[in-house]
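**Student:** Before I ask anything, here is the structure I am working with.
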């Protein structure tokens with residue numbers, strides 16, 4: 001798991017990335033104005049896992065390194081990682097895919113609701129016609 005807190009120009013945001021077994025879960029949380037340490041720790045302790053469970057897992061592939069990395073090379077990699085922009089392409093892709101998954105789920109849900117409402121109105125009209133025919 002990796003939580004990165006950064007300033008996106010107008011608000012402070014947190015980018016949460018959790019990788020496990022070839023899948024990644026990514027979500028963005030907006031803290032608003034500059035968050036205090038207590039706010040960040042409260043978010044991590046109380047809300048992080050709930051939000052992480054709501055986000056769909058997106059598959060990805062990485063190359064596993066099986067050999068030991070030279071400490072100097074490792075330090076250079078760490079420095080490069082610090083210099084990079086906050087959002088990685090992998091997390092951006094995962095965010096986009098999770099948005100599309102949630103969007104399609106919401107679209108299906110609204111379609112079912114509209115169909116149910118249409119069916120309810122149809123049955124209501126049929127009952128009204130039947131009442132008129134009976135003459136009551």
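In UniProt numbering, the protein residues as written are 1 to 136.
Note that beta-carbon positions come from the ideal geometry of N, C-alpha and C, so glycine has one too.
#1: With 16 other CB atoms within 10 Å as the buried threshold, where does residue 30 fall?
#2: Do residue 91 and the ligand ADP come close, with the Cβ less than 7 Å from some heavy atom?
#3: Shortest alpha-carbon distance to residue 14 belongs to which of 5, 66 and 20?
#4: Would you tell me roughly how many angstroms separate the C-alpha atoms of residue 46 and residue 124, rounded to the nearest one?
#5: Measuring CA to CA, which of 3, 7 and 22 is closest to residue 51?
#6: Where DSSP assigns a beta bridge to residue 4, which residues make up the other side?
**Tutor:** Result, derived from the coordinates:
#1: Classification for residue 30: exposed.
#2: Although the ligand ADP was asked about, the structure shown includes no ligands whatsoever.
#3: 5
#4: 46 Å
#5: 3
#6: 15
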